[in-house]
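Below: the structure, in structure tokens.
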Amino acid sequence: EAGVTQSPTHLIKTRGQQATLRCSPISGHTSVYWYQQALGLGLQFLLWYDEGEERNRGNFPPRFSGRQFPNYSSELNVNALELEDSALYLCASSPGTGTYNEQFFGPGTRLTVL
Amino acid sequence: EDQVTQSPEALRLQEGESSSLNCSYTVSGLRGLFWYRQDPGKGPEFLFTLYSAGEEKEKERLKATLTKKESFLHITAPKPEDSATYLCAGISGGYNKLIFGAGTRLAVHP
């Protein structure tokens, strides 16, 4: 069974640009989560999507946004990039809401902002 | 505020030297405690979920336990391939967001 996939693997942008990161969940999973892992800060929850709806949001500014498509894949957009946005962005998926299901992570997208 | 704290920050072991990693949590309405392993530059790999105090789970050389305030990851007779960062995370009711600790970096030397 294929795991969570993310693209691109690496992304280099300059300050003020926009970045788009993509995630495909495990087949049959309807929930997708985004986390940021910045150097020295640990994993921080960004967003949770389920059945196409945003269900929860972490303490990040509105320039971090995303969406979930009908096939349950997801996109994370970061507008007006700042240097401190440089981090590993991780996507996870789980079977859905209702129970506290395990979240399975993808390999991540390394975003570097110059 | 919900918080997960892991100790030690780093641990160096000789191959075969058993030890334990600690995860203490203050998560309101904790509904699950998760352990993950993360290798450098990769996404976390799921290891265990614990749901209630007294629960234990095992996988190869790893055993996870849960009390009302903390969780332990016991590593028995570790091998160099067990070297990684071990992450603990709590999940609170209704929000589905994992609250991660900073991790324990484990290095096992032959």
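Protein chains in written order, with the working numbering: chain A, -8 to 105; chain B, 886 to 995. Virtual Cβ for every residue (Gly too), placed ideally from N, Cα, C.
Residue contact check for A/G43 against chain B: no CB pair falls below 8 Å.
The alpha-carbon separation between A/Q28 and B/A895 amounts to approximately 18 Å. In this structure A/N50 is not in contact with A/W39, their Cβ atoms being roughly 13 Å apart against a cut-off of 8 Å. Excluding its 5 nearest sequence neighbours in each direction, B/S956 has C-beta neighbours in its own chain below 7 Å: C908, L918, L935, A949, T950 and C973, listed in chain order. Residues of the segment 911 to 929 of chain B whose Cβ lies closer than 9 Å to any Cβ of chain A, in chain order: R916, G917, F919, Y921, Q923, G926, K927, G928 and P929. Excluding the 5 residues flanking it on each side, A/G7 has same chain C-beta neighbours closer than 7 Å at A71 and L72, in chain order.
Here A/D41 carries a strand assignment [DSSP, helix/strand/coil]. A/S77 has its alpha-carbon roughly 14 Å from the corresponding atom of A/P(-1). The C-beta of B/L958 comes no closer than 8 Å to any C-beta of chain A.
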